[in-house]
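> Residue numbers for the sequence shown follow this note's numbering, beginning at 47 and rising by one.
Attaching a single structure in C-alpha cells format; questions to follow.
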Amino acid sequence: MNTPDCEFCDKPTKIAESVLSVRYADMTAYAENIRAWREEHYSDKKEGLQVVVMSELGDLPDKAHWRWGHKFCIPDDGDYWMDAERLDTAGKMLSFTAHLMEKNWFLDTDWDQVIRRFYNYAG
C-alpha cells in the first residue's frame, strides 16, 4: 500500500497516524450538481435510452473527494472518516469497499481514485 503525503500539510504520512475522510457537504453538492447536469443534458425527458454527446461529458461535476491526511490535520467538520489501518491491505480495502457500497452516497464519491492512489491500480 502506498501512503500519500497529507493533503493538508503536504508532509509524509504513516498508516498508524492517518485517516481517510469524505465531507457530507461535498456529497450533497455533487448529488445536486449531477441532477442539474442531467436535467440540462437530458432535456427531452423521454423514457428509455438517453444519449449524450461525448464532448459534453467533460463538464460533468466532480464527485466528492476522499481526503487523506494525518489525524490531527483533517478538520473535524462532520465527515465520514476511517482510520487508515482499516485499509492497509488489499483484503481490508476490498472488505471496506463492500461496506461502503451499502451506503446510499457511495457512488457520489471518488472511491475509485482512492484505490488507484493506494494500490497503483491503473484501471
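Backbone N, C-alpha and C define an ideal beta-carbon position, used for all residues, glycine too.
Runs of 4 residues minimum, wholly inside the stretch 111 to 160: which ones carry the alpha helix (DSSP H) assignment?
DSSP runs (the alpha helix (DSSP H)) wholly in the stretch 111 to 160: 136 to 146.
> May I ask which residues mark the beginning and end of the alpha helix (DSSP H) holding ASP72?
Taking the sequence shown and counting its residues from 1, one reaches residue 72 at position 26. From DSSP, the alpha helix (DSSP H) with ASP72 extends over 70 to 87.
> Assuming ALA77 and ASP158 are in contact, meaning their beta carbons sit under 8 Å apart, how far apart are those beta carbons, in whole angstroms?
On the sequence shown, residue 77 is found 31 positions in, with the first residue counted as 1. On the sequence shown, residue 158 is found 112 positions in, with the first residue counted as 1. 17 Å between Cβ atoms; not a contact.
> Give me the Cα-Cα distance between CYS52 and PRO121, rounded to the nearest whole angstrom.
Counting from one through the sequence shown, the residue named residue 52 turns up at place 6. Counting from one through the sequence shown, the residue named residue 121 turns up at place 75. Those two C-alpha atoms are separated by around 12 Å.
> Out of ALA71, ASP105 and THR74, which has the shortest C-alpha to C-alpha gap to GLU86?
As a working note, residue 86 is residue 40 in the sequence shown. With distances taken between Cα atoms, GLU86 lies closest to ASP105.
> Tell me the DSSP secondary structure of LEU106 in three-state form.
The residue you call residue 106 lines up with position 60 of the sequence shown. Note: LEU106 maps to coil in three-state DSSP.
> Cα-Cα, which of PRO50, THR59 and MET47 is closest to PHE118?
Taking the first residue of the sequence shown as 1, we reach residue 118 at position 72. When only C-alpha atoms are compared, the closest one is THR59.
> Is it the case that the Cβ atoms of PHE54 and GLY115 are separated by a distance below 7 Å?
Here residue 54 is taken as the residue at index 8 of the sequence shown, counted from 1. Here residue 115 is taken as the residue at index 69 of the sequence shown, counted from 1. Result yes, Cβ atoms of PHE54 and GLY115 sit closer than 7 Å.
> Find out if the Cβ-Cβ distance for the pair ILE171, ALA144 is shorter than 7 Å.
Any property of residue 171 remains undetermined from this structure, which presents the chain solely from 47 to 169.
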